[in-house]
Amino acid sequence: MGSRREKKLSKLELIAYKASLSFSQNQISILIGSILGDGTLRLPRKAINANFKVEQGLVQKDYVFWKYNNFKEWVLTPPKISYRYNNERIKYEKSWWFRTLSHPEITYFQKLFYPNGKKIVPININKYLNPLALAVWIMDDGSFHKGKCAYDISTYSFTEKEIKHLLKIFKNKFNIKGNYFFDRDKGIRMYFPKSETNKINSLISPYFVNCMRYKLPLLTP
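Take 43 as the starting number for the sequence shown in my numbering and just add one per residue.
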């Protein structure tokens, strides 16, 4: 596959290659966790199918490459550095990113999560939430507060109704109790108290990438 990605494919070769692609269960889980977190699904103007974009800060390089390696056959070029300019017009490195090919399977999830152009929590998210998806979501948008021994997840883009739906799934599917709070004018954050820390860790720790393990506290007896 390396040589296929390194050379430019003809239109017919690209059509045939895309037709050979199909998501594995692990890829779907990583995709779901990423969409709930920092990932984006984009349907370009006049395009038929959507693509999946991953972008993280420079210090998360290894995490970006972990996602890339899990979607390698879906990506024609390896991760790149994104550059910006400061107020003095000096160019600086901002982030690492990659984008997949556009594909009907990605379009399915784009329509599920962006039915009207704005990201939502689908009513059937329970179908896709599993420990791997949770691990990716927390690696993307979660925080562990040592002083409180508690987790929280940035859910600013979701409504209160959607967050209540997610918390109900955590309780019914994983026996994890959580709540939420309004973070000033930013939006709503989900949080899980100290009593739930070990439960969360036991679910997600097997899937954590080494460079993101600072978000994982040590398990306590």
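A virtual CB, placed ideally from N, CA and C, is assigned to each residue, including glycine. These figures come from a predicted structure and were not determined experimentally.
Taking the Cα of Asn-93 as reference, the smallest distance to any Cα among Met-254, Asn-217, Glu-147 is reached at Glu-147. Taking all protein chains in view, the Cβ of Pro-259 is crowded by 16 or more other Cβ atoms within 10 Å, so the residue is classified as buried. His-207 and Asn-221 have their C-alpha atoms roughly 11 angstroms apart. Here Ile-72 has Lys-109, Asn-112, Leu-174, Val-178 as same chain residues with Cβ atoms under 7 angstroms from its own Cβ, once five neighbours each way along the sequence are excluded. Counting only unbroken stretches of 4 or more residues, the alpha helix (DSSP H) elements lying wholly within the segment 128–212 are 146–155, 173–183, in sequence order.
In this structure, the beta-carbon distance from Pro-235 to Ala-192 falls below 7 angstroms.
Bounds of the alpha helix (DSSP H) holding Tyr-105 are 103–112. A contact between stretches requires three or more CB pairs, one per stretch, nearer than 8 angstroms, and the segment 78–94 fails this requirement with the segment 127–137.
Exposure of Asp-225 is indicated by the presence of fewer than 16 other C-beta atoms within 10 angstroms of its C-beta. The beta carbon of Phe-186 sits closer than 6 angstroms to those of Tyr-193, Lys-257, Pro-259, all from its chain and outside the five residues before and after it, given in chain order. Around the beta carbon of Gly-79, a 10 Å sphere encloses 16 or more other beta carbons of the protein chains shown; the residue is thus reported as buried. Between the alpha carbons of Ile-230 and Thr-201 lies a gap of roughly 8 angstroms.
At the C-beta level, Pro-164 and Phe-140 stay beyond 7 angstroms of one another. Per DSSP, Leu-51 lies in no alpha helix (DSSP H) and is assigned neither H nor E.
Residue pairing from DSSP places Ala-92 in a beta bridge opposite His-145. Less than 7 angstroms divides the Cβ of Lys-219 from the Cβ of Glu-238. Between Ile-246 and Leu-171, the gap from beta carbon to beta carbon reaches 7 angstroms or more. The secondary-structure analysis by DSSP pairs Asn-252 with nothing; it has no beta-bridge partner. If you draw a 10 Å sphere on the C-beta of Thr-142, you find 16 or more other C-beta atoms in it, and that means buried. When secondary structure is reduced to three states using DSSP, Phe-216 falls in the helix class. If you look at Gly-75, you'll find it in the alpha helix (DSSP H) that goes 67–78.
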